[in-house]
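K.L.:
Below is a structure I'd like to ask you about.
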Amino acid sequence: MKNITLDITKASCFLAEGAVAAFEPKVKAAQEALENGTCPGNDFLGWLHLPSSITPAFLAEIQACADTLRQNCEVVVVAGIGGSYLGARAVIEALGNSFAWLIQDKKAVSTGLQNPTILFAGNNIGEDYLFEMTEYLKDKKFGVINISKSGTTTETALTFRLLKKQCEAQRGKEEAKKVIVAVTDAKRGAARTCADKEGYKSFIIPDNVGGRFSVLTPVGLLPIACAGFDVKQLVAGAQDMEKACGKDVPFSENLAAQYAAVRNGLYQSGKKIEIMVNYQPKLHFFSEWWKQLYGESEGKDGKGIFPASVDFTTDLHSMGQWIQEGERTIFETVISIEEPEKKLLFPSDEENLDGLNFLAGKRVDEVNKMAELGTRLAHVDGGVPNMRISVPQLNEYYIGQLIYFFEIACGISGNVLDVNPFNQPGVEAYKKNMFALLDKPGYEAESKAIKERLAKEK
Ligand code: PA5
Numbered sequence: 003m004k005n006i007t008l009d010i011t012k013a014s015c016f017l018a019e020g021a022v023a024a025f026e027p028k029v030k031a032a033q034e035a036l037e038n039g040t041c042p043g044n045d046f047l048g049w050l051h052l053p054s055s056i057t058p059a060f061l062a063e064i065q066a067c068a069d070t071l072r073q074n075c076e077v078v079v080v081a082g083i084g085g086s087y088l089g090a091r092a093v094i095e096a097l098g099n100s101f102a103w104l105i106q107d108k109k110a111v112s113t114g115l116q117n118p119t120i121l122f123a124g125n126n127i128g129e130d131y132l133f134e135m136t137e138y139l140k141d142k143k144f145g146v147i148n149i150s151k152s153g154t155t156t157e158t159a160l161t162f163r164l165l166k167k168q169c170e171a172q173r174g175k176e177e178a179k180k181v182i183v184a185v186t187d188a189k190r191g192a193a194r195t196c197a198d199k200e201g202y203k204s205f206i207i208p209d210n211v212g213g214r215f216s217v218l219t220p221v222g223l224l225p226i227a228c229a230g231f232d233v234k235q236l237v238a239g240a241q242d243m244e245k246a247c248g249k250d251v252p253f254s255e256n257l258a259a260q261y262a263a264v265r266n267g268l269y270q271s272g273k274k275i276e277i278m279v280n281y282q283p284k285l286h287f288f289s290e291w292w293k294q295l296y297g298e299s300e301g302k303d304g305k306g307i308f309p310a311s312v313d314f315t316t317d318l319h320s321m322g323q324w325i326q327e328g329e330r331t332i333f334e335t336v337i338s339i340e341e342p343e344k345k346l347l348f349p350s351d352e353e354n355l356d357g358l359n360f361l362a363g364k365r366v367d368e369v370n371k372m373a374e375l376g377t378r379l380a381h382v383d384g385g386v387p388n389m390r391i392s393v394p395q396l397n398e399y400y401i402g403q404l405i406y407f408f409e410i411a412c413g414i415s416g417n418v419l420d421v422n423p424f425n426q427p428g429v430e431a432y433k434k435n436m437f438a439l440l441d442k443p444g445y446e447a448e449s450k451a452i453k454e455r456l457a458k459e460k
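Position in the sequence shown (from 1) plus 2 gives the number in our numbering.
As structure tokens, this is what we get:
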């Protein structure tokens, strides 16, 4: 089986000769520190050898729970935010039918069961969103996967309360228990208390796996299995990438080491923004997952590459001008899918009114690939370094490879940058203010202070 590959040639040419190789000692030291547990945030390294530690029995438990939901639900709502949501959404959207929202996807992979529609909620506080979701669910047999490591995240907890009440009202309390599943901490948090008290099926998020590194725990695996995708293959891809990016793999052959070295080299040379590019709209949420992984891991201590993303060719017609000729502080990382799952040939037309007969008989993907190549040449000419990750096919196995590749590269890269990639202290700032403004018990002093400040600012 082929692996994903990484082409750094059109990025390293923007750096001084030997600059990438010069990162080898730092990158090696960073990976050693991860392996030896001597890096900052070393109590959050459970993801490092997670793929190889996943057992068939664990996957069978995930599949059994997913099958229960699949048998009993037309719709499964996945409630979660940040790392408790983006990984599952990234995989489900990458592998699913682009029109899954409108049609029932009949491709039930492992069991032959009908795939339920998967909805995502608990990732915003939009009243319209939540109202419209509850309206949509009114005549549906729906279940809920409530995902929160802390068990106290406002967006998710607020949504879960709404969903729990609606599910119980529609199915009765006892039936609702069969279709509500919690994925949370082993002991702490309101989600754990609720799951234990109500007797919900629950899965544990390991203490030493942070949210944005948790897609290969039940956080990601359960929703992905529910959607009908093959989690064994996903894990197999991650396991193979764990080997391919192991600490003893030579620097020049280790994809994650190379990626970490190049992006740090570019950052030091003034390229402060990395744009994740795809040419398949299905990968939109994969970029969202990647942005969180790198943004929350590296953006601290006044440092960090800003992770951005675009969907090409769509965004060539909105962001293309900026990328081609704007401030030269950006570089691109392109995920290119070698072979789309489906085949569509462009038809010939006798009248040729649109002048497109030069494309007749070609696959649509051939046009897309030429757009990709043309864009790469133009952007490199325009001063935008370009890395290219080539993925043989968009399936569970290769998505698993991509996930682990980006995780290990992030761990290495954050250590090279000399930050703790596994904390997110900055996320607390807005929460503290919001709780103070909402008069949450325990925030009395902050509440007084913030109200005085706002009164002065009026
Ligand atoms: O990466 C992280 O740790 C965060 O993005 C969390 O996943 C996110 O804040 C959700 O937290 P929780 O799972 O505790 O609800």
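We put the CB at the ideal spot given by N, CA and C, even for glycine. These figures come from a predicted structure and were not determined experimentally.
#1: Mind reading off the beta-carbon distance from Gly48 to Pro220? Whole number of angstroms is fine, and I expect it under 8 Å.
#2: Among the residues of its own chain, which have a CB less than 8 Å from the CB of Pro53, if the five just before and after it don't count?
#3: Contact between the region 243–261 and the region 408–421 is defined here as three or more beta-carbon pairs at a separation below 8 Å; is this criterion met?
#4: Using the Cα positions of Tyr296 and Cys412, report the straight-line distance between them to the nearest angstrom.
#5: Please report the distance separating the alpha-carbon of Gln235 from that of Ile226.
#6: With DSSP as the reference, identify every bridge partner of Cys336, one or two as the case may be.
#7: Could I get the ranges of all uninterrupted alpha helix (DSSP H) runs contained in the region 118–159, with 4 residues as the minimum, in chain order?
#8: Tell me which same chain residues have a C-beta within less than 7 Å of the C-beta of Gly384, skipping the five on either side of it?
#9: Between the Cα of Gln395 and those of Asp367, Asp313, Ala362, spot the shortest distance and give me the residue it belongs to.
#10: Classify Ser216 as helix, strand or coil using the three-state DSSP reduction.
#11: Tell me, please, whether the region 121–134 touches the region 69–88 by the rule of three or more beta-carbon pairs shorter than 8 Å.
#12: Give me the residue from Leu88, Ala362, Asp351, Ala159 with the minimum Cα distance to Glu290.
#13: Going by the beta-carbon positions, is the gap between Thr186 and Ser150 smaller than 8 Å?
#14: Between which two residues does the alpha helix (DSSP H) containing Ser271 stretch?
#15: Return yes when at least one heavy atom of the ligand PA5 lies under 7 Å from the C-beta of Ile83, else no.
#16: Which of helix, strand or coil does DSSP assign to Arg365?
#17: What number of angstroms, rounded off, separates the C-alpha of Ala68 from the C-alpha of Phe144?
#18: In terms of residues, what are the limits of the beta strand (DSSP E) holding Asp9?
#19: Where Asp317 and Ala24 are concerned, what is the direct C-alpha to C-alpha distance, given to the nearest angstrom?
#20: Where do the ends of the alpha helix (DSSP H) carrying Ile182 lie?
#21: Leaving out five residues before and five after Lys305 in sequence, what residues of the same chain have Cβ atoms less than 7 Å from its Cβ?
#22: Looking at the strands, I want to know which residues DSSP matches up with Ala81.
P.N.:
From the atom records:
#1: Stepping through the sequence shown from its first residue, residue 48 is reached at position 46. Stepping through the sequence shown from its first residue, residue 220 is reached at position 218. Between Pro220 and Gly48 the Cβ distance is about 13 Å, and since that is not below 8 Å, they are no contact.
#2: For the purposes of this step, residue 53 is identified with residue 51 of the sequence shown, where counting begins at 1. Correct list, in chain order: Leu218, Val237, Ala240, Gln241, Met243, Glu244, Gly402, Tyr406.
#3: The region 243–261, when compared against the region 408–421, does touch it at the 8 Å Cβ threshold.
#4: Indexing the sequence shown from 1 puts residue 296 at position 294. Indexing the sequence shown from 1 puts residue 412 at position 410. Those two C-alpha atoms are separated by around 6 Å.
#5: What you label residue 235 is simply residue 233 of the sequence shown in a count that begins at 1. What you label residue 226 is simply residue 224 of the sequence shown in a count that begins at 1. Gln235 and Ile226: Cα-Cα distance of roughly 12 Å.
#6: The residue you call residue 336 lines up with position 334 of the sequence shown. Here residue 336 turns out to be Val, not Cys, going by the sequence shown. Partner(s): Val279, Arg390.
#7: Listed in chain order, the complete alpha helix (DSSP H) runs (minimum 4 residues) inside the region 118–159 are 129–139.
#8: For the purposes of this step, residue 384 is taken as the residue at position 382 of the sequence shown. Beyond the five residues adjoining it in sequence on each side, Gly384 comes within less than 7 Å, by CB distance, of Gln326, Glu327 in the same chain, given in chain order.
#9: To locate residue 395, count along the sequence shown from 1; it is residue 393. Closest option to Gln395, Cα to Cα, is Asp367.
#10: Mapped onto the sequence shown, residue 216 falls at position 214. Reduced to three states, the DSSP call for Ser216 is coil.
#11: yes
#12: Against the sequence shown, residue 290 aligns to sequence position 288. Measuring from the Cα of Glu290, the nearest candidate turns out to be Leu88.
#13: As a working mapping, residue 186 is identified with position 184 in the sequence shown. As a working mapping, residue 150 is identified with position 148 in the sequence shown. The answer is yes: Cβ separation under 8 Å.
#14: For the purposes of this step, residue 271 is taken as the residue at position 269 of the sequence shown. Premise fails: Ser271 is in no alpha helix (DSSP H) and is neither H nor E.
#15: Taking the first residue of the sequence shown as 1, we reach residue 83 at position 81. Under cutoff, so the answer is yes.
#16: Mapped onto the sequence shown, residue 365 falls at position 363. Correct three-state label for Arg365: strand.
#17: As a working note, residue 68 is residue 66 in the sequence shown. As a working note, residue 144 is residue 142 in the sequence shown. About 13 Å.
#18: Working through the sequence shown from its first residue, we reach residue 9 at position 7. Note, Asp9: beta strand (DSSP E), 7–9.
#19: Locating residue 317 in the sequence shown gives position 315, counting from the first residue. Locating residue 24 in the sequence shown gives position 22, counting from the first residue. Going by the C-alpha atoms only, they are around 35 Å apart.
#20: By one-based count along the sequence shown, residue 182 stands at place 180. Counting along the chain, Ile182 falls outside any alpha helix (DSSP H), though it belongs to the beta strand (DSSP E) covering 182–186.
#21: As a position in the sequence shown, residue 305 is number 303, starting the count at 1. Leu419, Val421.
#22: Numbered from its first residue, the sequence shown carries residue 81 at position 79. Partner(s): Ala123, Asn148.
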